[in-house]
Ligand code: TYD
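Residue numbers (this note's numbering): 458 to 596.
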């Protein structure tokens with residue numbers, strides 16, 4: 458996690474099976490994403506003006522998708538910040554470990570779906586920005 462930067466984040470086009478009756482997007486093992494999925498969770502009913510995140514992960518890799526609606530993800534490696542706007546269910550943001558993130562600007566009814574490389578563990582979280590910066594600086 459020490460060496461990752463915001464430039465290791467990538468926007469992935471997951472693809473779309475188009476149909477007049479509606480579209481399908483498929484995420485299949487190792488085809489679209491560079492890790493095996495151990496957990497899927499989704500964030501919804503976010504009240505207007507709220508923000509989420511405010512932490513980094515030591516090992517966890519994630520693919521974040523706006524399954525419905527839109528939101529912004531601000532990623533921070535301790536040096537550089539980048540903002541990604543997600544608004545399409547066939548586009549995902551790949552995030553390696555070791556990046557601070559904030560999610561905000563959620564549209565009404567939006568769903569933030571996260572495919573994660575590990576099962577939930579509170580030990581994987583860095584919830585204090587100062588602790589994150591210390592680890593990024595190898596201290
Ligand atoms: P957190 O990851 O801090 O939420 P966000 O980044 O969206 O603001 O998680 C919020 C709470 O939910 C926290 O108490 C941990 C719990 N949680 C689980 O128990 N399992 C999970 O898979 C996730 C993602 C969160």
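Every residue gets a Cβ at the ideal spot worked out from N, C-alpha and C, and that includes glycine. Small disclaimer: the values here were computed from a predicted structure and weren't measured.
- With a cut-off of 7 angstroms, the C-beta of residue 542 is classified as distant from ligand 1, since no heavy atom of the ligand falls inside that distance.
- Residue pairing by DSSP places residue 571 opposite 498 and 521 in a beta bridge.
- Residue environment analysis places residue 573 among the buried positions, since at least 16 neighbouring C-beta atoms fall within 10 angstroms of its C-beta.
- Taking the Cα of residue 527 as reference, the smallest distance to any Cα among 462, 505, 582 and 496 is reached at 505.
- When C-alpha distances from residue 586 are compared across 558, 567 and 575, the shortest belongs to 558.
- Each of 478, 523, 477 and 583 was checked against the Cα of residue 555, and the nearest Cα belongs to 583.
- Under DSSP, residue 538 takes part in a beta bridge, and its partners are 533.
- The DSSP-derived three-state label of residue 588 is helix.
- In this structure, the C-beta of residue 479 stays at least 7 angstroms away from each heavy atom of ligand 1.
- Going by C-alpha positions, residue 467 is about 5 angstroms away from residue 551.
- In the DSSP assignment, residue 548 falls within the beta strand (DSSP E) that extends over 548-552.
- In this structure, residue 514 has its beta carbon at no less than 7 angstroms from each heavy atom of ligand 1.
- In terms of Cβ geometry, residue 581 and residue 517 form a close pair [threshold 8 angstroms].
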